[in-house]
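I have placed the structure first, in the form of structure tokens, so that the comments after it can refer back to it.
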Amino acid sequence: MDEGHVRRVESGSFFFHQGEAAEWMYILCSGRVKLVQLTPEGEQVVVNYFGPGQGLGIIVALNDADYPLSAEAVESCEVVGWHRDEMKRLMLDHPQLALNGMKMMGSRFTRLQDRFRDISTKRVEQRIARTLLRLVRQFGKRVEKGVLIDVPLTRQDIAEMTGTNLYNVSRILSKWEQEGWIVSQRKRVILCKAHELVVLAEDLTADPFSGLDEVSE
Numbered sequence: 030m031d032e033g034h035v036r037r038v039e040s041g042s043f044f045f046h047q048g049e050a051a052e053w054m055y056i057l058c059s060g061r062v063k064l065v066q067l068t069p070e071g072e073q074v075v076v077n078y079f080g081p082g083q084g085l086g087i088i089v090a091l092n093d094a095d096y097p098l099s100a101e102a103v104e105s106c107e108v109v110g111w112h113r114d115e116m117k118r119l120m121l122d123h124p125q126l127a128l129n130g131m132k133m134m135g136s137r138f139t140r141l142q143d144r145f146r147d148i149s150t151k152r153v154e155q156r157i158a159r160t161l162l163r164l165v166r167q168f169g170k171r172v173e174k175g176v177l178i179d180v181p182l183t184r185q186d187i188a189e190m191t192g193t194n195l196y197n198v199s200r201i202l203s204k205w206e207q208e209g210w211i212v213s214q215r216k217r218v219i220l221c222k223a224h225e226l227v228v229l230a231e232d233l234t235a236d237p238f239s240g241l242d243e244v245s246e
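Start counting the sequence shown at 30; every next residue gets the next number (my numbering).
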């Protein structure tokens, strides 16, 4: 954390906005952050959620770059930040730091490619199942009824992350809740039967919702 600047960001505030000159990189120490992007049509898309230990704004490693998305605190957050000039100096002094940054960017690019492939090739219920399982791996917390996705998560957020609409998400989550697979609370989802979602996400058996036709988006 040498030369880092500690900063607190309250829920609902932004670390940076899409299109701004990338000047700061942060490591999240506590809290949750939602990454969002505006499409050319002006629609907001939720790209991902980050938790403690993850980096924000690593694009500062590139010269004259702009932030490709916005980062919003969905909980009170504490971060350690470095200005772009500090980061460049640190990377020159510590080449492993630069290598780690490149690996991080490569890993995130690969995950984005996977999501775009899912949107192109997977059924909507598979995409939703895969997204919930990914979020459980990131933010899962065991509770009495199962595993809680411990991050504020609306149905609209899920729709944006999976390339579908609110109607489809509400319809499918309601079906899963009736089946006892999940419990959907206000901005929280609990996975009660994660195995069923894994089977669906990986298409290990016939689609249990083959009678549910996805509405046009």
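In this text, a Cβ means the ideal position worked out from N, Cα and C, and glycines have one as well.
At which residues does the alpha helix (DSSP H) containing Ala223 begin and terminate? Ala223 to Ala230
Residues near Pro181 by beta carbon distance below 6 angstroms, same chain, minus five either side: Val103 and Lys216
Since I believe Tyr55 is in contact with Gly80 (beta carbons under 8 angstroms), could you give me their beta-carbon distance rounded to a whole number of angstroms? That belief does not hold up - the Cβ atoms of Gly80 and Tyr55 are roughly 13 angstroms apart, past 8 angstroms.
Helix, strand or coil at Arg64 [DSSP, three-state]: The sequence shown places Leu at residue 64, rather than the Arg named in the question. Here Leu64 sits in strand by DSSP.
Let me check understanding here. Comparing Cα to Cα, which of Lys132, Met134, Arg163 and Met133 lies closest to Asp147? Arg163
Got a sec, what are the start and stop residues for the beta strand (DSSP E) Arg215 sits in? Premise fails: Arg215 is in no beta strand (DSSP E) and is neither H nor E.
Proximity below 8 angstroms, CB of Gln167 to CB of Tyr78: yes
When burial is assigned at 16 or more other CB atoms within 10 Å of the CB, is Ser203 buried or exposed? exposed
How would you label Val176, buried or exposed, when you count the other beta carbons within 10 angstroms and need 16 or more for buried? buried
Whole-angstrom distance between Ile157 and Met131, CA atom to CA atom: 29 angstroms
Between the C-alpha atoms of Gln214 and Gly48, what's the straight-line distance to the nearest angstrom? 34 angstroms
By DSSP, does Val176 sit in helix, in strand, or in coil? strand
Looking only at DSSP bridge pairs, what is Arg37 linked to? Glu107
Please report whether the beta-carbon of Lys216 lies at a distance below 8 angstroms from any beta-carbon of chain D. The chain inventory of the structure shown lacks chain D, comprising one protein chain alone.
For Leu226 and Ala51, the rounded distance between their alpha carbons: 38 angstroms
What do you reckon, are the CB atoms on Cys58 and Glu115 nearer than 8 angstroms? no
First through last residue of the alpha helix (DSSP H) which encompasses Glu52: Neither: Glu52 is in no alpha helix (DSSP H) and is coded neither H nor E.
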